[in-house]
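Mapping the sequence shown onto numbering that gives the first Met the number 0, position 153 (from 1) lands on 152, and the numbers just tick up by one.
Okay, structure first, notes after.
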Amino acid sequence: MLRSALVSELLTIGDISRRSGVAASALRFYEERGLIGAQRAGSGHRRYPRSVLRRIAFIVFAQRVGLTLEEIARELAKLPPDRAPTKRDWSRLSSSWSARIDARIAELERLRVGLTGCIGCGCLSLERCRLANPGDRASSLGAGPRYWVGDRPREA
Ligand code: FES
C-alpha cells in the first residue's frame, strides 16, 4: 500500500486505542477538547486517519513534561487540520517548545542532584548543608527548597 494511502487510512477508535495505548474514553475526551479530529462512517461511528496516532503520542508526552491540555491545544492548533502534518509542520511546534523542554530537563537535573546534595530547604540535616547553606542562608532567597527551584547557593 502506498505511504500516502497508509497515512490517510481510516481506523476505528478501537484500533487507535490499541495502537496508542490510550483508552477510547480518553480519545473521545481529546476529540471533545478539539485536540484530535475524527470523521464519521456511514454508520455514524468515528473513523480516524492513521496520522492521528502522532498527535495522540504528542498529547500524552506533552502532559508528561507538564504541559496543560490548553497549552497542548494551542500548539496542536498550529498544525494543518485537514491533512497529515509534515516534518516542517511539526518543526514549527518544536521551536516554540524547545525552551520549555530545556527548562524541564534542567528541573529534572536539579532533582537528580538534589537527591544527594543540599537543596536549600532549611533542614540543615546533611553534611553538605554546612557548606552550601550555612545558618540556612537560603531562607533569605524565599520559601521552599531554594536550590531545587533554581536559586544558587550564594558565596560567603
Ligand atoms: S538539604 Fe535542607 S538545608 Fe540542605
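Ideal Cβ positions, reconstructed from N, Cα and C, are used throughout, including at glycine.
Just so you know, these numbers come straight off a predicted model, no measurement behind them.
#1: Please state the DSSP three-state secondary structure of Leu78.
#2: In the DSSP output, what is Arg46 paired with across the bridge?
#3: To which residues of the same chain is Arg109 closer than 6 angstroms at the C-beta, ignoring the five residues directly before and after it?
#4: Do you know how far the Cα of Arg91 is from the Cα of Ser16?
#5: What would DSSP say about Leu125, mapped onto helix, strand or coil?
#6: Could you please give the first and the last residue of the uninterrupted alpha helix (DSSP H) stretch that includes Gly13?
#7: What does the Cβ neighbour count give for Val21, buried or exposed, with the cut at 16 atoms within 10 Å?
#8: With three or more C-beta pairs closer than 8 angstroms as the rule, is the segment 19-39 touching the segment 56-66?
#9: If I measure Cβ to Cβ from Asp150 and keep anything under 6 angstroms in the same chain, skipping five residues before and after, which residues do I get?
#10: How long is the line joining the alpha carbons of Thr11 and Leu123, rounded to whole angstroms?
#11: Report the partner residues of Leu110 according to the DSSP bridge assignment.
#12: Using a 10 Å radius around the Cβ and a threshold of 16 neighbouring Cβ atoms, would you call Ser97 buried or exposed?
#13: Given this structure, state the Cα-to-Cα distance separating Gly116 from Asp88, to the nearest angstrom.
#14: With a threshold of 7 angstroms (Cβ to nearest heavy atom), would Trp104 be considered close to the ligand FES?
In short:
#1: coil
#2: Gln38
#3: Trp147
#4: 27 angstroms
#5: coil
#6: 12-19
#7: buried
#8: yes
#9: Leu140
#10: 57 angstroms
#11: Partner(s): none; Leu110 has no beta bridge.
#12: exposed
#13: 42 angstroms
#14: Just to set this straight, residue 104 is Ile in the shown sequence, not Trp. No.
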